[in-house]
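Participant: Mapping of the sequence shown onto my numbering: residues 1116 to 1333, in sequence order. Just so you know, even glycine gets a beta-carbon here, dropped at the ideal spot from N, CA and C. Please read all numbers here as calculations on a predicted model, not as lab measurements. To start, I am sharing the structure in question, which I have written as structure tokens.
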Amino acid sequence: MRMISASILACDLSRLAEEIRRVQPYVDMIHLDVMDGVFVPNITFGFPLLEAVKSCTNLPIDVHLMIIDADKYVESFARSGASWIGVHYEACAHLHRTVQKIKENGAKAYAVLNPHTPVEVLTDILVELDGVLVMTVNPGFSGQKFIEWTVEKIKRLRRMIDERSLDVKIMVDGGVNEETMEKVVCAGAEILVMGYGIFRNPDPASVRKMMEGVECSC
1116 MRMISASILA
1126 CDLSRLAEEI
1136 RRVQPYVDMI
1146 HLDVMDGVFV
1156 PNITFGFPLL
1166 EAVKSCTNLP
1176 IDVHLMIIDA
1186 DKYVESFARS
1196 GASWIGVHYE
1206 ACAHLHRTVQ
1216 KIKENGAKAY
1226 AVLNPHTPVE
1236 VLTDILVELD
1246 GVLVMTVNPG
1256 FSGQKFIEWT
1266 VEKIKRLRRM
1276 IDERSLDVKI
1286 MVDGGVNEET
1296 MEKVVCAGAE
1306 ILVMGYGIFR
1316 NPDPASVRKM
1326 MEGVECSC
């Protein structure tokens, strides 16, 4: 099943509740980018905003931690309303331990890969994951241009998952819009994180319709 996770990094935060209500009928999750200014060159959201989002919607909330020392904060993010929690392979010294901690706190766990990181690094831990998020831009800022060669990474990841018959969702984040949607869906992506592509579109219903209408040849 194809899904959209709407990234509030691209919405008008002064009208947060209104913005969420506008896109809510056409998306499946709300995506929250948490940046610490250390792992990535930007600082964004924390627990207060997560709680504010939770008060605005009944949709699952997907929290993408672009931070170091994620273990310190997993429990608090889960308690504040995160349904999914993602951590970067590049930022976790003990990824398996972090994934287990996320699950112990009642959230689904996904690993995130920067554009330069090959999907093969997750070979051993793939069976433990609920999802893998392939970054199709470098993390840190919304509105960047889609990196075309990441499509091949998505295809390799799709083969890795299918060959082992695993129930692991492929997620993509970065430059996903009406122009790039077909590429990532046909490569094997199931959850599309969209910021500008959904919040800055005057007709979010058309985005949903386009995603559902993508037909991929075998």
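Smallest Cα separation from residue 1131: which of 1149, 1169 and 1142?
Facilitator: Along the sequence shown, read from residue 1 onward, the residue named residue 1131 stands at position 16. Closest in alpha carbon position to residue 1131, among 1149, 1169 and 1142, is 1169.
Participant: What is the rounded straight-line gap between the Cα of residue 1129 and the Cα of residue 1185?
Facilitator: The sequence position of residue 1129 within the sequence shown is 14, counting from 1. The sequence position of residue 1185 within the sequence shown is 70, counting from 1. Near 28 Å, if we compare the C-alpha coordinates of residue 1185 and residue 1129.
Participant: Return helix, strand or coil for residue 1304, following the three-state DSSP convention.
Facilitator: The sequence position of residue 1304 within the sequence shown is 189, counting from 1. Coil.
Participant: For residue 1286, report the span of its beta strand (DSSP E) as first-last.
Facilitator: Here residue 1286 corresponds to residue number 171 of the sequence shown, with the count starting at 1. Counting along the chain, the beta strand (DSSP E) containing residue 1286 begins and ends at 1284-1288.
Participant: Candidates 1312, 1302 and 1314: which alpha carbon is nearest residue 1329's?
Facilitator: Translated into the one-based positions of the sequence shown, residue 1329 becomes position 214. Minimum Cα distance to residue 1329 is reached at 1302.
Participant: Would you grab the beta carbon distance between residue 1245 and residue 1187 for me? Rounded to a whole angstrom, and I think it's under 8 Å.
Facilitator: On the sequence shown, residue 1245 is found 130 positions in, with the first residue counted as 1. On the sequence shown, residue 1187 is found 72 positions in, with the first residue counted as 1. No, residue 1245 and residue 1187 are not in contact; Cβ-Cβ is about 21 Å, not under 8 Å.
Participant: Going by Cα to Cα distance, which pick from 1193, 1209 and 1197 is closest to residue 1183?
Facilitator: Sequence index remark: in the sequence shown, residue 1183 carries index 68 (1-based). Nearest option by C-alpha distance: 1209.
Participant: Just to confirm my understanding: we take residue 1180, look at its own chain, exclude 5 residues before and 5 after, and list those with CB closer than 6 Å. What are they?
Facilitator: Residue numbering aside, residue 1180 sits at position 65 when the sequence shown is read from its first letter. Cβ neighbours of residue 1180 beyond the five flanking positions: 1149 and 1202.
Participant: Which first and last residues belong to the alpha helix (DSSP H) in which residue 1200 is found?
Facilitator: Numbered from 1 along the sequence shown, position 85 holds the residue referred to as residue 1200. Element bounds for residue 1200: not the alpha helix (DSSP H) but the beta strand (DSSP E), 1199-1203.
Participant: Can you give me the Cβ contacts of residue 1218 inside the same chain, cut-off strictly under 6 Å, excluding the 5 residues immediately before and after it?
Facilitator: As a position in the sequence shown, residue 1218 is number 103, starting the count at 1. The answer, listed in chain order, is 1224.
Participant: To which residues of the same chain is residue 1198 closer than 8 Å at the C-beta, ignoring the five residues directly before and after it?
Facilitator: As a position in the sequence shown, residue 1198 is number 83, starting the count at 1. If we look at residue 1198 and ignore the five residues flanking it on each side, its Cβ neighbours are 1144, 1175, 1176, 1177, 1222 and 1223.
Participant: As a quick exercise: from 1171, 1237, 1161 and 1205, pick the residue whose alpha carbon is nearest that of residue 1138.
Facilitator: Translated into positions along the sequence shown, residue 1138 becomes position 23. The option with the nearest alpha carbon to residue 1138 is 1171.
Participant: How is residue 1223 classed by DSSP in three states: helix, strand or coil?
Facilitator: Numbered from its first residue, the sequence shown carries residue 1223 at position 108. Here DSSP, grouped into helix, strand and coil, assigns residue 1223 to strand.
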